[in-house]
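> Chains as they are written, first to last, in the numbering used here: chain B, 404 to 856; chain C, 404 to 856.
(1) When the Cα of residue 709 of chain B is compared with those of B:574, B:418, B:431 and B:845, which residue comes out closest?
(2) If you draw a straight line from the alpha carbon of residue 758 of chain C to that of residue 784 of chain C, how long is it in whole angstroms?
(3) Here's the rule I'm using: 16 or more other beta-carbon atoms within 10 Å means buried, otherwise exposed. How should residue 605 of chain B be labelled?
(4) Look at the alpha carbon of residue 826 of chain C and the alpha carbon of residue 833 of chain C, and state the distance between them as a whole number of angstroms.
(5) What number of angstroms, rounded off, separates the C-alpha of residue 585 of chain C from the C-alpha of residue 652 of chain C?
(6) Since residue 510 of chain C and residue 522 of chain C are thought to touch, with beta carbons under 8 Å apart, how far apart are those beta carbons, to the nearest angstrom?
(7) Can you tell me which residues form a DSSP beta bridge with residue 831 of chain B?
(8) Kindly list the residues whose CB is nearer than 8 Å to the CB of residue 437 of chain B, restricted to its own chain and excluding five residues on each side of it in sequence; keep chain order.
(9) Going by alpha carbons, who is nearest to residue 677 of chain B out of B:465, B:601 and B:648?
(10) Compare the C-alpha of residue 724 of chain B against each of B:706, B:603, B:824 and B:669 and name the closest.
(11) Is it true that the stretch 582 to 598 of chain C meets the stretch 609 to 622 of chain C, where meeting means three or more beta-carbon pairs spaced less than 8 Å apart?
(12) Hey, residue 590 of chain C and residue 427 of chain C: beta-carbon distance below 9 Å or not?
(13) So, for residue 649 of chain B: in the same chain, excluding its five sequence neighbours on each side, which residues have a beta-carbon less than 7 Å away from its beta-carbon?
(14) Residues of the stretch 410 to 426 of chain C with a CB closer than 9 Å to any CB of chain B: list them in chain order, please.
(15) Mind pulling the chain B residues with CB within less than 8 Å of residue 746 of chain C?
(16) Near residue 460 of chain B, what residues of its chain come up, given a Cβ to Cβ distance below 8 Å and the 5 sequence neighbours on each side ignored?
(17) Going along chain A, which residues have a C-beta under 7 Å from residue 589 of chain B?
(18) Between B:721, B:658, B:641 and B:620, which has its C-alpha nearest residue 634 of chain B's C-alpha?
(19) Does any residue of chain C have a CB that is nearer than 9 Å to the CB of residue 716 of chain B?
(20) Where does residue 572 of chain B sit, in a helix, a strand or coil, going by DSSP?
(21) For a cutoff of 9 Å on Cβ pairs, would you count residue 594 of chain B as touching chain C?
(22) How many angstroms separate the CA atom of residue 819 of chain B from the CA atom of residue 801 of chain B?
(23) Report buried or exposed for residue 792 of chain C, applying the criterion of at least 16 other Cβ atoms within 10 angstroms of its Cβ.
(24) Suppose only complete runs of 3+ residues qualify. What are the beta strand (DSSP E) ranges in the stretch 709 to 770 of chain B, listed by chain order?
(25) Is residue 407 of chain C close to chain B, meaning its C-beta is less than 9 Å from at least one C-beta of that chain?
(26) Can you give me the start and stop residues for the beta strand (DSSP E) that residue 445 of chain B sits inside?
(27) Can you give me the start and stop residues for the alpha helix (DSSP H) that residue 486 of chain B sits inside?
(28) Here's the rule I'm using: 16 or more other beta-carbon atoms within 10 Å means buried, otherwise exposed. How should residue 572 of chain C be labelled?
(29) When you compare the CB positions of residue 599 of chain C and residue 701 of chain C, do they come within less than 9 Å of one another, or not?
(30) Less than 9 Å between the beta carbons of residue 424 of chain B and residue 626 of chain B, yes or no?
(31) Taking a contact to mean a Cβ-Cβ separation below 9 Å, would you say residue 490 of chain B touches residue 464 of chain B in this structure?
(32) Ordered along the chain, which non-local residues of its own chain (more than five positions away) have a Cβ less than 6 Å from that of residue 596 of chain B?
(33) When you compare the CB positions of residue 745 of chain C and residue 799 of chain C, do they come within less than 9 Å of one another, or not?
(34) Quick one: residues in its chain with C-beta nearer than 6 Å to the C-beta of residue 726 of chain C, no 5 flanking neighbours on either side, listed in chain order?
(35) Checking contacts by CB at 9 Å: is residue 831 of chain B closer than that to chain C?
(36) By DSSP, does residue 854 of chain C sit in helix, in strand, or in coil?
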């Protein structure tokens, strides 16, 4: 059967890498007090289409036996729209500011292309206030995500792995354009947003087409060139000689965010005034994230502040959030060879040399598990060499041999070193780093350790 | 907006209970060496319909912009059909016997009734062989699931919480009916399967309708009465005086399973010859599970052995598995008041008495997190009492106060006892049981501790 394009499925070994990534994200988020929310996979079609021109990407869902009439439900295509609905629906039971993470699959009915999935996992964090949300919420989501990214860089293992969180603020861009006297700042922003793909000369032409004079275009491009790893961007913007109250407000907000984040190793935070996210409805802070060596992925982690994430007839709910595209990142890392030390959770294989000894082997396994050691028992009685090969194929580091006709001792063999030692069955435990499968960075030379014995 | 019937969503507090259940299941499965597999949410419609009369329950999925023509994809309605497809598709990369757990949502387009969901979570474990699968695999999946159930009973907390894993074997029933000379053992099994809902007298009438004479009906009902917590069922079956090679084979297999499982506290394993699972395609061992106090749920955890879970042109893949209906069980437990000690992951709230102190509070929080303590910082500067109430509403057990105009010391207040003590900020850590939210059993009297301060 052909695999379905756009619907990735992982081998057991790849799934262990995915679990390590997802566990790391959840642990980081919860360490910061962000609790988990899951929303149902479907939303009413009209909720999903409220944002506009995306109906081609939506997967409608209806009972197969009941295909007449318009579809009423569809699979969610992101986690922001369902979360906004959840906040309004549960507003009476939530404590604001409400902080949550949400790690779930989403679906988009796109024509699959390279790196584009129809089913994929996103990891979102958001802070939502009722009527008001203080500025430090923007710092907080950025801080949490930089720590999550730092841990991911450690998992990836390569010494050059590095993430850059790029922060900008819509008010800086819009205020600057208004200060220049430009009539349609949103149109300007959508042109500037193309700087990633289009040369500055071409941008200048596009700006002229929407009525931006040449001097103003020079300043618009000058603003977009400003990238600083600290708050010195403020002076550089001011040196361009444009003034507007909204610009001043945006600069103060952005300086607050960039100056407050304490980035972990392997993560840089920059103020980057190219970042416009012109197609989204952000009203202040905006975020994108680039990964060195994976520039082709574009931004792997984006977000920003919505002044009005949701509203009901009593309140508005301002929010700020960031969303990490887990599947896209993971696919790139797996394609580059990120793998695990073994394909199963088991740290120990208990050998069975004779089916009559299976109960004794089960008892050994039970005792190991009671000490938190993932253990499996050989599925068939077999000779020494076959048991070793069973463990090797799966990457299980230790094989346990109970008493047999040759010896009354319990022994454990480390199949990587070949060392086999007599141990006390009531106390032996593997080194802590062998308890769980380890994520293994791609290596330039073929790995051979699993072939030794 | 009205909630969608059949699509449950949890409050943050309920979600913590669900996470505790799912984490416990995963930990137990992986301790036994069962790795995780996830399959895509959709399957080709013809794969899902292969089993027969279920097309009314299937949710078709198609691009909203592309509604013409027959639906090609649909949401999976269980995890067995996708797993069988996954095994065949990945057979070259899997090591057999292949052991996996799979914890995912499934969808059924049913008319929602009480306790019936359209979206719900199942937790499956299976062992699959290539061409052969030894009998101890049946023991293994039962052993793993009894341990998972034992841990769930501990989570539920009630002293009367108790699960019973009921084991039978199709060969016992079918062999017994064949030994009686009955022509259509499957039809007999499907009648016996109704013993849960229908009186023995009525079963006798139904058996007569399919041609079972009265003496045979007495024996059929006699067999179904046999329930033993050990292998003594063998003698009781033999005492009915029926003989058949398939019966003898089934009795040996069932005795092996029932005699080998080492049940944890709060779980009983019984041989129960009422269990037929007449509507499924099992070929040997079958399992059901009842929870005391929750008899209305029926079997919360069922499965068995398929001689042919899947096949390709080279091999057949016999399997044995059990599936736990997580959502149905969880909904019942939540409705009975199962809850958690707090609604957020945070163990500590760091108070902020003045916005000027926020950075110092962030530094305290960072240090606590580096020691693995989930911590949040107060969202707004406020007086003592307001900070305490913020923690109380969420159930956060500890509030941290840094130096202020009154004192140079760091202090921590336990909001449950009201004790506030001076601590060393570089080493203090909460008791280990306060690090994570605890699942709290329903209590007959209203809980009041969160109201004290």
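Glycine included, each C-beta is placed from N, C-alpha and C at the ideal position. Source: prediction; values computed, not measured.
In brief:
(1) Position 306 of the first chain, counted from the start, is the residue given in the question as residue 709 of chain B. For the residues B:574, B:418, B:431 and B:845, the minimum Cα distance to residue 709 of chain B belongs to B:574.
(2) Position 355 of the second chain, counted from the start, is the residue given in the question as residue 758 of chain C. Position 381 of the second chain, counted from the start, is the residue given in the question as residue 784 of chain C. Going by the C-alpha atoms only, they are around 6 Å apart.
(3) Residue mapping note: residue 605 of chain B aligns to position 202 of the first chain, counting from 1. Exposed.
(4) The count along the second chain starts at 1 and reaches residue 826 of chain C at position 423. The count along the second chain starts at 1 and reaches residue 833 of chain C at position 430. Using only the alpha carbons, I get a separation of about 11 Å.
(5) As a first step, residue 585 of chain C must be located in the second chain, where it is residue number 182. As a first step, residue 652 of chain C must be located in the second chain, where it is residue number 249. Whole-angstrom Cα-Cα distance: 18 Å.
(6) If you number the second chain from 1, residue 510 of chain C lands on position 107. If you number the second chain from 1, residue 522 of chain C lands on position 119. The C-beta distance from residue 510 of chain C to residue 522 of chain C rounds to 5 Å, short enough to meet the 8 Å contact threshold.
(7) Reading the first chain from its first residue, position 428 is the one you call residue 831 of chain B. The partner list for residue 831 of chain B (beta bridge, DSSP) is empty, contrary to what the question assumes.
(8) Position 34 of the first chain, counting from 1, holds the residue named residue 437 of chain B. Within its own chain, the residues whose Cβ lies closer than 8 Å to the Cβ of residue 437 of chain B, once the five positions on either side in sequence are excluded, are 502, 503, 504, 528 and 547, listed in chain order.
(9) Along the first chain, read from residue 1 onward, the residue named residue 677 of chain B stands at position 274. It is B:601 whose Cα lies nearest to the Cα of residue 677 of chain B.
(10) Here the question's residue 724 of chain B lines up with position 321 in the first chain. Of B:706, B:603, B:824 and B:669, the smallest CA-CA separation from residue 724 of chain B is found for B:706.
(11) yes
(12) Translated into the one-based positions of the second chain, residue 590 of chain C becomes position 187. Translated into the one-based positions of the second chain, residue 427 of chain C becomes position 24. Not closer than 9 Å, so no.
(13) For this step, residue 649 of chain B is matched to residue 246 along the first chain. Answer for residue 649 of chain B: 574, 577, 578 and 581, listed in chain order.
(14) 410, 411, 412, 413, 414, 415, 416, 418, 419, 421 and 422
(15) Taking the first residue of the second chain as 1, we reach residue 746 of chain C at position 343. By Cβ distance, chain B contributes 438 and 498.
(16) Here residue 460 of chain B refers to the residue found at position 57 of the first chain. Answer for residue 460 of chain B: 480, 511, 512 and 513, listed in chain order.
(17) Given the protein chain composition of this structure (B and C), no chain A is represented.
(18) Sequence index remark: in the first chain, residue 634 of chain B carries index 231 (1-based). Among B:721, B:658, B:641 and B:620, the Cα nearest to that of residue 634 of chain B belongs to B:658.
(19) The residue given as residue 716 of chain B occupies position 313 in the first chain. So no, residue 716 of chain B is outside the interface.
(20) Within the first chain, the letter at position 169 stands for residue 572 of chain B. If DSSP states are grouped into helix, strand and coil, residue 572 of chain B belongs with the strands.
(21) Position 191 of the first chain, counted from the first residue, corresponds to residue 594 of chain B. Output row for residue 594 of chain B: interface = no.
(22) Counting from 1 along the first chain, the entry for residue 819 of chain B is found at position 416. Counting from 1 along the first chain, the entry for residue 801 of chain B is found at position 398. Between residue 819 of chain B and residue 801 of chain B, the C-alpha separation is close to 8 Å.
(23) For this step, residue 792 of chain C is matched to residue 389 along the second chain. With fewer than 16 other Cβ atoms within 10 Å, it is exposed.
(24) 719 to 728 and 751 to 753
(25) For this step, residue 407 of chain C is matched to residue 4 along the second chain. So, interface residue.
(26) Here residue 445 of chain B refers to the residue found at position 42 when the first chain is read from its first residue. Element bounds for residue 445 of chain B: 445 to 447.
(27) Position 83 of the first chain, counting from 1, holds the residue named residue 486 of chain B. Looking at the DSSP string, the run of the alpha helix (DSSP H) that includes residue 486 of chain B is 483 to 492.
(28) By one-based count along the second chain, residue 572 of chain C stands at place 169. Buried, since its Cβ has 16 or more Cβ neighbours within 10 Å.
(29) Counted from its first residue, the second chain places residue 599 of chain C at position 196. Counted from its first residue, the second chain places residue 701 of chain C at position 298. Yes, they are a contact pair.
(30) Numbered from 1 along the first chain, position 21 holds the residue referred to as residue 424 of chain B. Numbered from 1 along the first chain, position 223 holds the residue referred to as residue 626 of chain B. No, they are not a contact pair.
(31) Counted from its first residue, the first chain places residue 490 of chain B at position 87. Counted from its first residue, the first chain places residue 464 of chain B at position 61. No, the pair does not count as a contact, with Cβ atoms beyond the cut-off.
(32) Taking the first residue of the first chain as position 1, residue 596 of chain B is located at position 193. 679 and 681.
(33) One-based indexing of the second chain puts residue 745 of chain C at position 342. One-based indexing of the second chain puts residue 799 of chain C at position 396. Yes, the Cβ-Cβ distance between residue 745 of chain C and residue 799 of chain C is below 9 Å.
(34) As a position in the second chain, residue 726 of chain C is number 323, starting the count at 1. Closer than 6 Å at Cβ, skipping near neighbours: 525, 527 and 706.
(35) Stepping through the first chain from its first residue, residue 831 of chain B is reached at position 428. So no, residue 831 of chain B is outside the interface.
(36) Counting from 1 along the second chain, the entry for residue 854 of chain C is found at position 451. With a pLDDT of 42 at residue 854 of chain C, under the threshold of 50, the modelled position of that residue is not reliable, and the figure given next carries that caveat. Residue 854 of chain C falls in the helix class under three-state DSSP.
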